[in-house]
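A.B. asks: If you scroll down you'll find the structure; I have some questions about it.
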Amino acid sequence: MSADDREQTLQKLAPDQYAGIFEKKEKKKTGLPDLPGVKDGVVMRFAPNPSGPLHLGHARAAFLNDEYIRRYGGRYILRIEDTDPKRVDPEAYDMVREDIAWMGLSISETIFQSDRFSLYYDIGKELIRRGGAYVCRCDNEAFRDLKMHKTACPCRSQSPEEAMDLFEQMLEGAFAEGEAGVRLKTDLTHPDPAMRDFPLFRVLTSTPHERVDAVVYPLMNLSVAADDHLLGMTHVIRGKDHIANTRRQEFIFRYMDWDIPVYRHYGRMGIEGVVLSTSQMRAGILSNEYSGWDDIRLGTLRAMARRGIQPEAVRNAVVEIGTGETDIQFSWENLFAKNKEIIDKDADRFFFVPDPVPVTIKGCRPVTAKAMRYPGDEARGYREIPFTGSVLLPADELASGADYFRLKDLFNIRIVREDGNLLGEYAGDDLQEARSRKAPIIQWLPEGWSHPCTLKRPEGDVSGVCEPEAVASPDTIVQFERVGFARIDGTGETAVAYFTHR
RNA sequence: GGGCCUGUGGUCUAGCUGGUUAUGACACCGCCUUUUCACGGCGGAGGUCCGGAGUUCGAAUCUCCGCGGGCCCA
């Protein structure tokens, strides 16, 4: 019996149950899935390290949380996680602020973890008081061995009083770096060794912190758990790489009898052809491989901004990817498509002639071409481009072997090659003629009139010329016809445009 | 060494409380439109739903075993 037959038979035999069984399950997924446990509004966070500028990986976290804040209302906390001096670049504070402004997040408040060490100490003390933590003075290697064998180290048997006393000594600077740390008592027989008595605080004196005067530093699991509770976080959305941290933090929550937020972990994201690691990018900048944090070959937000990628395009792209736990390969094509949706309607069209070759055109009086700024939209007006007898044409078009062209918005020409010299002959105004000959319709510019322009692309620069109007004002996005979109960056003697995408 | 997560066309994604011609987007190809290889419209190709076994009338969906990718303790 086919599926349809069964369905029809059942409809006859048991019409009352039929509806329930074969009910069309249709739910239009619009964007992200709902979050469980939402009461009135949510409190969520974006919590970057100030170790460098923000990149696409950060944008995913930032926008995903932002989307839920928009959906449910509530508070969106920007938490600068600067407790580890080894992962703080003083210049990054400003960069992070700028990048967040660019994204347009609806941040309701900003806090710096470096301002909150005393809160972390208080929670450390409370954990000790509750018998949940001890001061471990074992050598790291030795502890690791014990841990692997599910064996307690001698320090673990401290009474809370002893532990408290030792912690106070730590805070007063009695121990050198590496000599003492605070560990949480979890479960030494936990099948996952990553859970066994993980560290909460350490002594750190070799790397000073610009904003903190301390010898005892909280480790991220302690500071993150503390702040997630103190700031009333209801939902936490972050990468899968934090799953183990989530479990560790839950140990702290349970010791302290705190309500545990709802966690969501999305998959890892690789980006084709791009290094996302801040340290690797920094190394590349120091070695002059990259021009800076906004080098267009990098995956930083400032690099994308420079290329003319719109923040909303990034938002749309990461929302489409969603919160799935599968590891994905982010594709630029995807982002470009989103970006084009946004910029196409606003970008005026202009001519850009890459690798221009001068060609004298015989047989036509000077005329002025009128070309629409935006095809089909008279209201946006026309560009007027003078033809004075000699034009610049793209080298690759001339090299293609074709000898009959339509100069867009002008007229047809025939190319004549004489002793290695290129000459053009006027070949009539008739567009239909050009079409029937399948002549390439190409961009052109008058010599002398046009503006030198370097088009910067990740694969390399292209030098050419463009219409003066195209590079009249910086930070505009134009479409160079038959080349692609570009963001005008510099308007000097030789203008600079960054290639966005086709 | 241990633990955890994950595997749907090239990329992303829906479906995953079992029954669909396996959804949509991007990319690709063709046609239409068009003084751009853009935008728009129409159409097309492209999938062993990682593999195997099992449960079932029926498995992308459930179970088990493999394999691949990723992460944590490092």
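So for the first sequence, the numbering used here puts the first residue at 426; every next one is plus one.
Built from N, CA and C at the ideal position, the CB exists for glycine as well.
Quick test of the definition: if touching needs 3 or more C-beta pairs under 8 Å, does the segment 722 to 733 touch the segment 779 to 789?
C.D. replies: no
A.B. asks: Going by DSSP, which residues form a beta bridge with residue 849?
C.D. replies: 786, 840
A.B. asks: From this set, 544, 917, 486, 851, which residue's C-alpha is nearest residue 792's C-alpha?
C.D. replies: 851
A.B. asks: Using only the alpha-carbon positions, how far apart do residue 505 and residue 879 sit?
C.D. replies: 38 Å
A.B. asks: Go ahead and label residue 539 buried or exposed: buried means 16 or more other beta carbons lie within 10 angstroms of its beta carbon, across all protein chains shown.
C.D. replies: buried
A.B. asks: Closer than 7 Å by C-beta to residue 923: which residues in its own chain qualify, once you throw out the five before and the five after it? Chain order, please.
C.D. replies: Scanning its chain for C-beta atoms nearer than 7 Å, with the 5 sequence neighbours on each side dropped, one finds around residue 923 the residues 721, 731, 732, 733, 881, 911, 912, 914, in chain order.
A.B. asks: DSSP on residue 615, reduced to helix/strand/coil?
C.D. replies: In the three-state reduction of the DSSP assignment, residue 615 falls in the coil class, being assigned neither a helical nor a strand state.
A.B. asks: Would you report the Cα separation of residue 886 and residue 918, rounded to the nearest angstrom?
C.D. replies: The alpha-carbon atoms of residue 886 and residue 918 are separated by roughly 17 Å.
A.B. asks: Quick check on the burial criterion: 16 or more other C-beta atoms within 10 angstroms. Buried or exposed for residue 478?
C.D. replies: buried
A.B. asks: Would you kindly work out how many angstroms separate the C-alpha atoms of residue 711 and residue 842, rounded to a whole number?
C.D. replies: Distance from the CA of residue 711 to the CA of residue 842, rounded to the nearest whole angstrom, comes to 50 Å.
A.B. asks: In angstroms with no decimal places, state the Cα-to-Cα distance between residue 548 and residue 660.
C.D. replies: Distance between residue 548 and residue 660, taken at the CA atoms: about 21 Å.
A.B. asks: When the Cα of residue 631 is compared with those of 511, 698, 873, 575, which residue comes out closest?
C.D. replies: 511
A.B. asks: Report yes or no: do three or more beta-carbon pairs, one from the segment 528 to 543 and one from the segment 570 to 579, lie closer than 8 Å?
C.D. replies: Segments in contact, no.
A.B. asks: Relative to the ligand NAD, is the shortest distance from any of its heavy atoms to the C-beta of residue 733 smaller than 7 Å?
C.D. replies: This structure does not include the ligand NAD; it has no bound ligands of any sort.
A.B. asks: Consult DSSP for residue 624 and reduce its assignment to one of helix, strand or coil.
C.D. replies: strand
A.B. asks: If we ignore side chains and look at the alpha-carbon of each, how far apart do residue 518 and residue 475 end up?
C.D. replies: 6 Å
A.B. asks: For residue 411 and residue 873, I'd like the C-alpha separation in whole angstroms.
C.D. replies: The requested residue 411 is not part of the displayed model; the chain covers only 426 to 927.
A.B. asks: By the DSSP assignment, the alpha helix (DSSP H) with residue 745 in it spans what residues?
C.D. replies: 736 to 746
A.B. asks: DSSP state of residue 658, grouped into three classes?
C.D. replies: coil
A.B. asks: Going by beta-carbon coordinates alone, are residue 741 and residue 770 separated by less than 8 Å?
C.D. replies: No.
A.B. asks: Helix, strand or coil for residue 815 per DSSP?
C.D. replies: strand
A.B. asks: Distance check for residue 900 and residue 833, CA to CA, integer angstroms please.
C.D. replies: Going from the Cα of residue 833 to the Cα of residue 900 covers about 26 Å.
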